[in-house]
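Sequence lines, in order, name chains A and B.
Position one of the first sequence corresponds to residue 230 (the numbering used here), numbered consecutively onward.
Position one of the second sequence corresponds to residue 326 (the numbering used here), numbered consecutively onward.
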Amino acid sequence: MPVSAGYVAREATTNLWRNRLMTAAAVLTVAVSLALVGSALLLKQGATNATVHWQHGVNVAVWVNGDASPAQYHAIGAELTQNPLVKSCIARSQAYDYNEAKQTVAADEFNATQQSDYPSSYRCVLENPSDATAVVQQFTGKPGIFGTPSSPTAQIRTMESVIHILQWVFLSVAVVLLLSASVLILNTIRMAIFARRREVSVMKLVGATNWFIRLPFMAEGLIQGLLGSAVAVLVVLGLYWGIGLDTTKTVANQGNLIAQMSMGPWEVAATCILVGVVGIGVGVAGSALAVRRFLDV
Amino acid sequence: MITFQNVTKSYKGSTVALRDCSIEIDKGEFVFLVGPSGSGKTTFIRLLLREEIPNSGRIWEAGKEIGHLSKWRIPYLRRNIGCVFQDFRLLPNRTVFENVAFALEVIGRPKHVIASQVPQVLDLVGLTKKSGNLPGELSGGEQQRVAVARAFVNRPLILLADEPTGNLDPTTSLGIMRLLDRINRTGTTVVVATHDAGMVDQMRRRVIELDHGAIVRDQARGVYGLDSAVAAAGAGSPIDTMVETATAPVAKTGAPAPIPGFADSADRLGRRDVES
Chain A
230 MPVSAGYVAR EATTNLWRNR LMTAAAVLTV AVSLALVGSA LLLKQGATNA TVHWQHGVNV
290 AVWVNGDASP AQYHAIGAEL TQNPLVKSCI ARSQAYDYNE AKQTVAADEF NATQQSDYPS
350 SYRCVLENPS DATAVVQQFT GKPGIFGTPS SPTAQIRTME SVIHILQWVF LSVAVVLLLS
410 ASVLILNTIR MAIFARRREV SVMKLVGATN WFIRLPFMAE GLIQGLLGSA VAVLVVLGLY
470 WGIGLDTTKT VANQGNLIAQ MSMGPWEVAA TCILVGVVGI GVGVAGSALA VRRFLDV
Chain B
326 MITFQNVTKS YKGSTVALRD CSIEIDKGEF VFLVGPSGSG KTTFIRLLLR EEIPNSGRIW
386 EAGKEIGHLS KWRIPYLRRN IGCVFQDFRL LPNRTVFENV AFALEVIGRP KHVIASQVPQ
446 VLDLVGLTKK SGNLPGELSG GEQQRVAVAR AFVNRPLILL ADEPTGNLDP TTSLGIMRLL
506 DRINRTGTTV VVATHDAGMV DQMRRRVIEL DHGAIVRDQA RGVYGLDSAV AAAGAGSPID
566 TMVETATAPV AKTGAPAPIP GFADSADRLG RRDVES
């Protein structure tokens with residue numbers, strides 16, 4: 230006998246409303262845990278995107294003193310391009326570095342400087358990004374070179390490991406929370422089964438099929454999972470738009486970390502879908518277990 | 326309609342509830358299942374509902390062997406069986422109409438069928454005027470009538486009643502029995518497990534007596550027990566005239582002839598049983 234969807238929905242929502250306090254607790258736990266899962270996934274995706282940015286970008290920047298002679302400037306350029314570890318170099322003027330600093334340096338710090346304070350530079354891409362440290366060592370202290378050539382590689386590594394750790398912390402907290410969410414859902418369904426035990430016994434007596442009895446309880450768990458994941462999806466979308474991971478907004482702040490982590494709408498949509506699926510899974514698993522364990526049909 | 330073939334049922338702790346029972350109940354029969362507490366009456370009913378499985382022996386119900394019925398088919402078996410219990414088992418937050426309609430709703434009957442069948446059956450049990458009341462607003466007898474209506478609304482082949490008058494006074498019990506008799510006359514096989522000696526004695530229908538799980542007596546137009554056999558033989562009870570018109574089952578053993586003048590003692594016996 231087909232079980233009418235209207236009946237299942239009506240029974241499930243009535244039960245949820247009767248037991249609204251427990252329902253709210255279960256939904257919130259699902260929401261918090263899935264928001265963490267979603268954030269961890271965003272972070273992972275962002276880190277992957279940023280790494281791609283960094284690895285295809287500049288590996289080493291060699292800063293040339295503002296007062297270096299043109300001959301010195303060209304000699305440094307020639308030495309860089311002839312270095313076997315270096316793939317290619319682009320010369321950047323003082324004006325370029327000044328403008329770049331305008332976007333990457335804090336405003337009050339930047340306002341205290343002038344264009345002439347900035348060095349000109351060579352931005353080099355290496356044959357192998359992991360040779361960055363060697364190139365930095367070779368060019369440190371050479372005549373006409375300002376300070377130490379900078380290599381974002383080390384920063385990238387640090388950033389990557391921080392993100393990696395954060396991601397695992399998020400995921401493990403989320404797994405624990407998801408487990409407790411399943412248990413909460415299981416308990417809500419158990420209470421619903423207990424509250425309706427008379428109805429269930431009458432249903433069995435008059436010949437209701439097992440699925441007719443089970444489905445409203447399963448639907449109840451499903452709805453709790455869905456509500457929880459809906460809240461979590463809102464949190465994920467809030468993060469995406471709120472902190473500017475949206476690719477359409479990143480043109481204005483090229484160069485900062487968040488811009489490099491930015492991702493397209495499909496990537497965030499995939500995260501949301503995954504969050505939704507996990508939420509439904511947790512709801513169905515919790516209620517299925519409760520129905521199996523406590524509903525004697 | 327119902328056949329038990331060498332059925333034995335024992336529970337954990339080696340309590341034997343039914344011992345090698347063989348019995349046949351024909352379509353349209355009205356059968357009383359009597360015996361002291363623990364004699365196996367409820368187990369008999371539970372086996373028929375397929376709430377229990379026999380340890381050995383076979384049971385046929387409406388032409389089907391139910392011992393090996395797969396789990397998903399049990400609900401379909403139960404749609405052919407109406408059941409009434411001592412504690413009514415009504416849903417307290419639903420009205421009389423809704424309680425009866427519930428039995429049709431959960432087996433997926435369309436609304437128009439519910440709208441036509443429920444008033445019919447409420448009319449049969451005489452509760453048309455109370456169809457909007459909650460069970461808590463009804464007397465015990467009325468609640469049991471609702472339970473009977475719910476059991477019968479689906480027009481089952483078999484109606485089982487486990488101590489249907491156990492919570493009711495003799496007059497009310499009489500009304501319920503009258504109702505079961507009326508249902509029986511529609512062709513429904515009725516099996517009533519009861520302690521109500523007065524009722525059994527007045528109805529004079531087939532009596533199957535169980536003792537320690539064994540069938541010790543199977544008597545057409547029988548009485549409750551040996552001590553009441555003489556007493557209950559007194560005719561003239563209010564239900565008697567009605568019973569005479571009912572389909573009389575085939576006599577298995579000779580029924581004691583009614584002895585005039587013992588109606589009072591039959592009544593007394595009946596009451597004593599209800600009160601004890």
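Backbone N, C-alpha and C fix where the C-beta goes; we use that ideal spot for every residue, glycine too.
I want to verify the contact list: residues of chain A whose CB lies under 7 Å from the CB of residue i, in sequence order.
i	result
Y401/B	G436
C408/B	L434
If you measure from the beta carbon of residue i to each beta carbon in chain A, is any gap under 8 Å?
i	result
A474/B	no
V425/B	no
R404/B	yes
Please report the distance separating the alpha-carbon of residue i from that of residue j.
i	j	result
V575/B	P400/B	Confidence in V575/B is poor, its pLDDT being 41 and thus under 50, which makes the residue's placement too unreliable to answer from.
S364/B	A342/B	7 Å
G373/A	E389/A	33 Å
V404/A	I394/A	15 Å
S357/A	A290/A	Checking the sequence shown, residue 357/A turns out to be Asn, not Ser. For N357/A and A290/A, the distance between alpha carbons rounds to 15 Å.
T511/B	Q544/B	23 Å
S362/B	G491/B	12 Å
L358/B	L535/B	7 Å
T362/A	V412/A	51 Å
D525/A	V516/B	26 Å
A472/B	R414/B	7 Å
N479/B	S268/A	55 Å
L270/A	T280/A	15 Å
M432/A	I327/B	23 Å
G451/B	I508/B	13 Å
V435/A	S262/A	42 Å
V460/A	W470/A	15 Å
A264/A	P379/B	53 Å
C346/B	R530/B	20 Å
M524/B	G353/B	19 Å
A448/A	A499/A	25 Å
Any Cβ of chain B within less than 8 Å of the Cβ of residue i?
i	result
V480/A	No answer about V480/A holds up, because its pLDDT of 46 lies below 50 and its placement is not dependable.
R427/A	yes
S411/A	no
G510/A	no
E240/A	no
I394/A	no
F523/A	no
Give me the DSSP bridge partner(s) of residue i.
i	result
T514/B	I483/B
Y351/A	V291/A, A320/A
C501/A	C501/A is not bridged to any residue.
V332/B	C346/B
I384/B	F329/B
V532/B	F357/B, Q544/B
A539/B	D536/B
I374/A	V293/A
S379/A	A290/A
T340/B	Y336/B
E390/B	W385/B
V365/A	V365/A pairs with nothing; no bridge assigned.
V261/A	Its beta-bridge partners do not exist; DSSP assigns none.
V315/A	L355/A
List, in chain order, every chain B residue whose beta-carbon is nearer than 9 Å to that of residue i.
i	result
V520/A	Ordered by position in chain B, no residue passes the 9 Å Cβ test against V520/A, which lies about 15 Å from the chain.
V261/A	Chain B residues near V261/A: none, gap ~35 Å exceeds 9 Å.
F441/A	P400, V431, I432, G433
V431/A	R414, L415, L416, N424, F427, A428, V431, R475
What residues of chain A sit near residue i, judged by a beta carbon separation below 8 Å?
i	result
W397/B	T438, N439
How about residue i: is its Cβ closer than 7 Å to a heavy atom in the ligand ATP?
i	result
K331/A	The ligand ATP is not among the ligands present in this structure, which contains no ligands whatsoever.
What ranges does the alpha helix (DSSP H) occupy inside the stretch 414–474 of chain A, keeping only unbroken runs of at least 4 residues that lie completely in it? Correct list: 426–434, 439–471.
Return the chain-ordered ranges of every alpha helix (DSSP H) run that is complete within the stretch 393–472 of chain B and spans a minimum of 4 residues. Whole alpha helix (DSSP H) segments, 4+ residues: 399–403, 421–430, 436–449.
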